[in-house]
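Remarks on the structure that follows.
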Amino acid sequence: MTTKLNHWCVICGTGYHSCDSCEAIGIYSWKKHTDTLNHYQIYFIINDYTYGILNKKQAREKLNQCDMTGWEQFLPNVRVKISEILS
Ligand SMILES: [Zn+2]
Numbered sequence: 169m170t171t172k173l174n175h176w177c178v179i180c181g182t183g184y185h186s187c188d189s190c191e192a193i194g195i196y197s198w199k200k201h202t203d204t205l206n207h208y209q210i211y212f213i214i215n216d217y218t219y220g221i222l223n224k225k226q227a228r229e230k231l232n233q234c235d236m237t238g239w240e241q242f243l244p245n246v247r248v249k250i251s252e253i254l255s
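In the numbering used here, the protein residues as written are 169 to 255.
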């Protein structure tokens, strides 16, 4: 069982290990995109906001329910979206 880093979180950029064999046989996992479930929730909210499914107010309310610790260190494109939503 290897623990090499083969994925990088789309929110914070942290490298992590996720099982490619599981993905290959179609087991869907949030680990395909992010290192933590919390970051996956943030990713989901930003996507919904970007595609107009959530308006700014709705997105802000949902982000406020997430652990936003260290968001100032998230990837630049993510930071731009978060500051837009929180403004
Ligand atoms: Zn992350």
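All residues carry an ideal CB built from backbone N, CA and C; glycine is no exception.
Please look up how many angstroms separate the CB atoms of residue i and residue j, rounded, as I've assumed it's under 8 Å.
| i | j | result |
| --- | --- | --- |
| Tyr211 | Ile179 | 5 Å |
| Asn206 | Asp235 | 5 Å |
For residue i, count neighbouring C-beta atoms within 10 Å of its own C-beta (all shown protein chains included) and say buried if the count is 16 or more, exposed if not.
| i | result |
| --- | --- |
| Thr202 | buried |
| Lys225 | exposed |
| Ile193 | exposed |
| Ile257 | Outside the displayed span of the chain (169 to 255) sits residue 257, for which this structure offers no information. |
| Ile195 | exposed |
| Val248 | exposed |
Look up residue i in the DSSP assignment and say whether it is helix, strand or coil.
| i | result |
| --- | --- |
| Tyr184 | strand |
| His201 | coil |
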